[in-house]
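> In our numbering, the protein residues as written are 4 to 258.
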Ligand SMILES: Nc1ncnc2c1ncn2[C@@H]1O[C@H](COP(=O)(O)OP(=O)(O)O)[C@@H](O)[C@H]1O
Ligand SMILES: [Mg+2]
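#1: Residue 158: buried (16+ other C-beta within 10 angstroms of its C-beta) or exposed?
#2: Based on the DSSP output, what are the partners of residue 225 in its beta bridges?
#3: With a cut-off of 8 Å, do at least 3 Cβ pairs link the segment 239 to 254 to the segment 65 to 73?
#4: CB of residue 49 to nearest heavy atom of ligand 1: below 8 Å?
#5: Relative to ligand 1, is the shortest distance from any of its heavy atoms to the C-beta of residue 2 smaller than 8 Å?
#6: Hey, quick one: how far does the beta strand (DSSP E) through residue 168 stretch, first residue to last?
#7: Per DSSP, which one or two residues make a beta bridge with residue 155?
#8: Candidates 248, 246 and 221: which alpha carbon is nearest residue 46's?
#9: According to DSSP, is residue 17 helix, strand or coil?
#10: Return the chain-ordered list of same chain residues with a C-beta closer than 7 Å to the C-beta of residue 35, the five sequence neighbours on each side being excluded.
#11: For residue 174, is the beta carbon positioned less than 8 Å from some heavy atom of ligand 1?
#12: Between residue 95 and residue 175, is the Cβ-Cβ spacing less than 9 Å?
Shown next as C-alpha cells:
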C-alpha cells in the first residue's frame, strides 16, 4: 500500500531445524508507531534481526521503500542500515565512555563532523530523550534503569534515523519510568517524524501505538488498530487480555 515503508512478504526464518517464522506478512507505515507483541519465543527479536539485515531469511521478501533488501549490494545494504536506529533489549552503551562520548562516538563513526559539532548534536539528542544536560558527563553505571534506556534511545537517534527499532524498551523498568519512556518515544516520533517499530510485552505501551501486530505460530495473526485486539482469536492474547492488567488496559482503550 502507498505509505508503507517496510513490507514483509511470506517470510520464513529458521535457526537450523528450529523454524521461527513461517509465512509471516507485515507492513509498516511511514510515521507510525507500530508495536509487535507475542508470547516469549514467538520470533519477535528474530524479526527485528531480519529487518535490521542482521539475519537472512530462508524465504520471502523484505521491501524497504519498495526495494527488496536481500537483492541489494553490500554497499546499498549499509546505506539502508544507516537510515535505521536501534535500541536492543540490553541498551548496551560502552561502559568505559560517558553517555555523551557514547553518542559522539556513534556520530563521528559515520559523519565527518567536528568533535564540537558532534557534542552539540549529542546534547540535542539527550534533551530530546528527556535527559538533563549533566547526563552527558555521566557513565552508564551511574544511571538508573530508566535513564539508561533513554540514553540508549538518544544514541539510537544519533544519526537522525528514519526508522527506529526498539526491542522491549520498557522491560525491567518500574511502571512510572516505563510510562515516561513511552511518552518520550511518542514525543520523538511526532517531533522528528520518525517511524517506530517497537517490540513490547507491556500492555500500556500499546496506548502510544498507532497499530499493533500480534505474532503467533510463526505468523502475524493480527495487524491493525489496538482496539481490534478484542476480536483476535489467539489463545496467548486472550489469556493476556483476561489478566487484571489486560482488562484495565482494554477498559482504557475502549473508554
Ligand atoms: N541465535 C539463535 N540460535 C538458535 N535459536 C535461536 C537463536 N535466537 C533465537 N532462537 C530461537 O528462536 C525462537 C525465537 O526467538 P526470539 O526471536 O528471540 O523470540 P522472542 O523475541 O519473541 O522471545 C526461540 O525458540 C529461540 O530459542
Ligand atoms: Mg525477544
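Each residue gets a CB set at the ideal place from its N, CA and C atoms; glycine is no exception.
Note that this is a predicted model, so its numbers are computed, not measured.
Let me spell this out:
#1: Counting of Cβ neighbours within 10 angstroms places residue 158 among the buried residues, the total reaching 16 or more.
#2: 217
#3: no
#4: yes
#5: Since the first residue shown for the chain is 4 and the last is 258, residue 2 is missing from the structure and cannot be characterised.
#6: Element bounds for residue 168: 166 to 170.
#7: Residue 155 pairs with nothing; no bridge assigned.
#8: The candidate whose alpha carbon is nearest that of residue 46 is 221.
#9: DSSP places residue 17 in strand when its eight states are reduced to three.
#10: 198, 213 and 214
#11: Every heavy atom of ligand 1 is 8 Å or more from the Cβ of residue 174, so no.
#12: no
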